[in-house]
Amino acid sequence: MDWELVFTIRDALKRPLFAEAEIIGGKHGLNRAIRWVHVLESASFESLIHGEEMILTTGMGACADIASSLSFMQNLIDKNAACLCIELGAYFSSIPPEMIELANRHDFPLIIFTRTVRFVDITLDLHSLIINRHHRMLQELESISREFHRLTLTSQGTLKVLQLLCKSTRTQIVYMQLQGKPLFFPALSPDEQAPLLSFFEAFSEEMEKVQPDAAPYIREYGHKMIAVKPVGALDQTWAYILMVCNHKPQEFDCMLLDSASLSIAQELLRTRYMEERKLFSENLWVDELISGRTQDDNRLKGLVGPDFNVVNELPFRVCLIEIENPRDVKWNSSENDWESITFHLSLILRSLFEKYSLRPLITLKNNRLTVIALDIQSKLPGKLRLQQALDALQHIRADEKLKDLQLVIGVSKSHKGLKHAYAGYQESVQALSLYSCYQKSVLFYEELGVFQLLLNLNDGKTLENFIRSYLGPLIDHDQSKGSELLLTLRVFLDHDGSKQIAARNLFIVRQSLYYRLDKITELLGEDFMLPENRISIQVALRAYQLLYPEKLTLPSSRSAQL
0 MDWELVFTIR
10 DALKRPLFAE
20 AEIIGGKHGL
30 NRAIRWVHVL
40 ESASFESLIH
50 GEEMILTTGM
60 GACADIASSL
70 SFMQNLIDKN
80 AACLCIELGA
90 YFSSIPPEMI
100 ELANRHDFPL
110 IIFTRTVRFV
120 DITLDLHSLI
130 INRHHRMLQE
140 LESISREFHR
150 LTLTSQGTLK
160 VLQLLCKSTR
170 TQIVYMQLQG
180 KPLFFPALSP
190 DEQAPLLSFF
200 EAFSEEMEKV
210 QPDAAPYIRE
220 YGHKMIAVKP
230 VGALDQTWAY
240 ILMVCNHKPQ
250 EFDCMLLDSA
260 SLSIAQELLR
270 TRYMEERKLF
280 SENLWVDELI
290 SGRTQDDNRL
300 KGLVGPDFNV
310 VNELPFRVCL
320 IEIENPRDVK
330 WNSSENDWES
340 ITFHLSLILR
350 SLFEKYSLRP
360 LITLKNNRLT
370 VIALDIQSKL
380 PGKLRLQQAL
390 DALQHIRADE
400 KLKDLQLVIG
410 VSKSHKGLKH
420 AYAGYQESVQ
430 ALSLYSCYQK
440 SVLFYEELGV
450 FQLLLNLNDG
460 KTLENFIRSY
470 LGPLIDHDQS
480 KGSELLLTLR
490 VFLDHDGSKQ
500 IAARNLFIVR
510 QSLYYRLDKI
520 TELLGEDFML
530 PENRISIQVA
540 LRAYQLLYPE
550 KLTLPSSRSA
560 QL
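For the sequence shown, position 8 matches number 7 in numbering that gives the first Met the number 0, and the numbering has no gaps at all.
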């Protein structure tokens, strides 16, 4: 921190108007910053000050007794006032020792004027100095921020930005990379590094919830203070900057920390863009895997490269991500270029998957991203981590280009061996095709249940014949009368024959449900609830839902679609 840019109590005491002022308490707090000067003659000032004000008073509102004087001063300390200046006279002939003791205990400067002074002259004098210094601070901030941006365009830009931040703030800087070793400016010995690393580890989980655009996070560190600022973009955090201060970080410190974080994030984003473009071109062979054109291990080894043996032993799932545009934004316009949008998405996806210990191999075709998510092992099950990554992907809306996207995702079973990528891709295609049945944005293949079997029987006749065998009378009745017997039967059976729950989900009274069930019994026969018949009817209902999903949509879902 450049203290020449901050106006302190020590600076104020050098002004001519303070020539006969005497500091009688809190002498260790002279480096406190003064943001403004305020004349205060009321004991009730909770909403009148914001912190770091020099308080001028005659004591008119706080001289009733020792208790009221101490309460007045304690409230100023609690409100983080810079100091208290009292003019001795009618209200305070002398300062009680208890007030001096309180000031010393909190390093809160207590200043007295032994002669009458014009408070208006003090405020005018100090305010002009404060405003001038604030203007200089903004100029200095602008100059250093421009230098930050210039440095990111040079070799090893991040290191140079951190070195300049350290020099400009005169503090210890620690750069904690999520993937990489921590960096210290200036350098520290391993023994000096250990306490800082332990400190960060203690609250790293808490920091995961803080977005990169948030203000610096201030925490106490022994007798020092640490400001922590995430570095990242697109709702992703890639590193943290820790600024270790001997004092509470001032506005200048925090603004410089923000600027440095933004400059580093821009450089990291550019680097990731270049890496992503390179990976996009290198991963063209992923299309060969999912298309089933490559089954020979030697051919696969040639495509994947030297780490084939490691990659080939990792379990993986294939994720098929369909990108929908519900608001009909024109992708081919200059603002919403389709290539840029999919590239943004793949960049975010890669960052998210790596965060959850998944290595993504990505390829794009039309409006679908195909991802082979290799599980790099972790304590948590692979499916859970993949679910967390996909859930986070669904909520990425930081970029203007992505806010209009709707993602529908089908996920295969877990496989091992890259030659099985084709089978995984087919499973993800089948899971994605059932979005209209489940109305879930992420659907895993193992959650499809009987649909796994039905999808393979959908040859145009087999399912239709099976459906007619068990549901024909209900289908004909619904078509001729406009009734909803099929939907009623599906909801009734899906809730184990609970009439109360079925009526509630169908938004009908129970008497209406009884009438429908009587009609279903009349058309299907008294024995339709026997175990063998019930199983066949439920399978037929699932087959009907597969072929005609819109006809078995619940009322609430239909309303939402409308």
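Backbone N, C-alpha and C define an ideal beta-carbon position, used for all residues, glycine too. Note that the structure is predicted; figures quoted are calculated from it, not measured.
Kindly give me the distance between the Cβ atoms of residue i and residue j, rounded to whole angstroms, as I take these residues to be in contact under 8 Å.
| i | j | result |
| --- | --- | --- |
| Gln171 | Val230 | That pair is no contact at about 17 Å. |
| Ile111 | Ile85 | 5 Å |
| Ile340 | Val285 | Going by Cβ atoms, the distance from Ile340 to Val285 rounds to 20 Å, so no, they are not a contact pair. |
| Pro314 | His414 | 7 Å |
| Asp106 | Gly25 | 5 Å |
| Ile375 | Gln235 | Not confirmed; about 18 Å, so no contact. |
Among the options, which one has its Cα closest to the Cα of residue i?
| i | options | result |
| --- | --- | --- |
| Val309 | Arg316, Val317, Lys300 | Lys300 |
| Val173 | Leu241, Ile466, Arg533 | Leu241 |
| Gln393 | Arg367, Ile519, Val441 | Val441 |
| Glu321 | Glu219, Glu97, Asn365, Ser339 | Asn365 |
| Ser70 | Leu47, Thr56, Leu87, Leu101 | Leu101 |
| Phe183 | Glu274, Cys165, Lys26 | Cys165 |
| Glu546 | Ala186, Leu373, Glu463, Tyr216 | It is Leu, not Glu, that sits at residue 546 in the sequence shown. Nearest C-alpha to Leu546: Glu463. |
| Arg467 | Val538, Glu19, Val160 | Val538 |
| Thr369 | Arg269, Leu319, Pro189, Arg292 | Leu319 |
| Tyr469 | Ala89, Ile519, Gln438, Ser511 | Ile519 |
| Gly88 | Thr57, Trp35, Ala80, Asn79 | Thr57 |
| Ala250 | Leu158, Leu288, Leu137 | Note that residue 250 corresponds to Glu in the displayed sequence, not to Ala. Of Leu158, Leu288, Leu137, the residue nearest in Cα terms is Leu137. |
| Pro108 | Leu553, Ser154, Leu12, Thr115 | Leu12 |
| Val317 | Arg298, Glu353, Phe443 | Phe443 |
| Ser154 | Gly60, Met254, Thr270 | Thr270 |
| Arg104 | Ile33, Glu274, Gly28, Arg14 | Gly28 |
| His343 | Glu274, Lys382, Met254, Arg292 | Glu274 |
| Asn532 | Leu492, Leu379, Lys550 | Leu492 |
Applying the 10 Å Cβ sphere with the 16-neighbour rule, what's the burial state of residue i?
| i | result |
| --- | --- |
| Asp10 | buried |
| Gln405 | exposed |
| Val508 | exposed |
| Asp77 | exposed |
| Phe506 | exposed |
| Pro359 | buried |
| Arg515 | buried |
| Leu152 | exposed |
| Gln499 | exposed |
| Pro215 | buried |
| Ser558 | Note on Ser558: pLDDT 43, under 50, position unreliable in the model; the coordinate value appears next. When all chains shown are included, Ser558 counts as exposed. |
| Ala201 | exposed |
Please report how far the alpha carbon of residue i lies from the alpha carbon of residue j, in whole angstroms.
| i | j | result |
| --- | --- | --- |
| Trp330 | Tyr272 | At Trp330 the pLDDT is 48, less than 50, meaning the model places this residue with poor confidence; the figure from the coordinates comes in the next sentence. Those two C-alpha atoms are separated by around 20 Å. |
| Ser68 | Ile99 | 11 Å |
| Cys436 | Tyr513 | 26 Å |
| Gln425 | Lys480 | 40 Å |
| Leu283 | Ala259 | 37 Å |
| Thr113 | His246 | 31 Å |
| Pro548 | Leu256 | 54 Å |
| Asp477 | Gly304 | 59 Å |
| Glu312 | Tyr355 | 19 Å |
| Ile22 | Asn30 | 13 Å |
| Lys223 | Pro248 | 10 Å |
| Trp237 | Trp35 | 38 Å |
| Leu39 | Ile130 | 21 Å |
| Ile8 | Arg349 | 52 Å |
| Ser167 | Cys82 | 27 Å |
| Leu566 | Ala80 | Outside the displayed range of the chain (0 to 561) lies residue 566, so it cannot be described from this structure. |
| Leu233 | Ala391 | 12 Å |
| Phe352 | Ala388 | 6 Å |
| Glu525 | Gln510 | 19 Å |
| Leu357 | Gln386 | 11 Å |
| Ile263 | Val5 | 26 Å |
| Leu288 | Ile371 | 10 Å |
Do we get a CB-CB distance below 9 Å when we pair residue i with the residues of chain D?
| i | result |
| --- | --- |
| Val243 | This model lacks chain D altogether, as it is built from one protein chain only. |
Sufficient close CB pairs (3 or more, under 8 Å) joining the stretch 87-97 to the stretch 124-133: no
Touch test, the stretch 48-61 against the stretch 143-157, Cβ-Cβ under 8 Å, three pairs minimum: no
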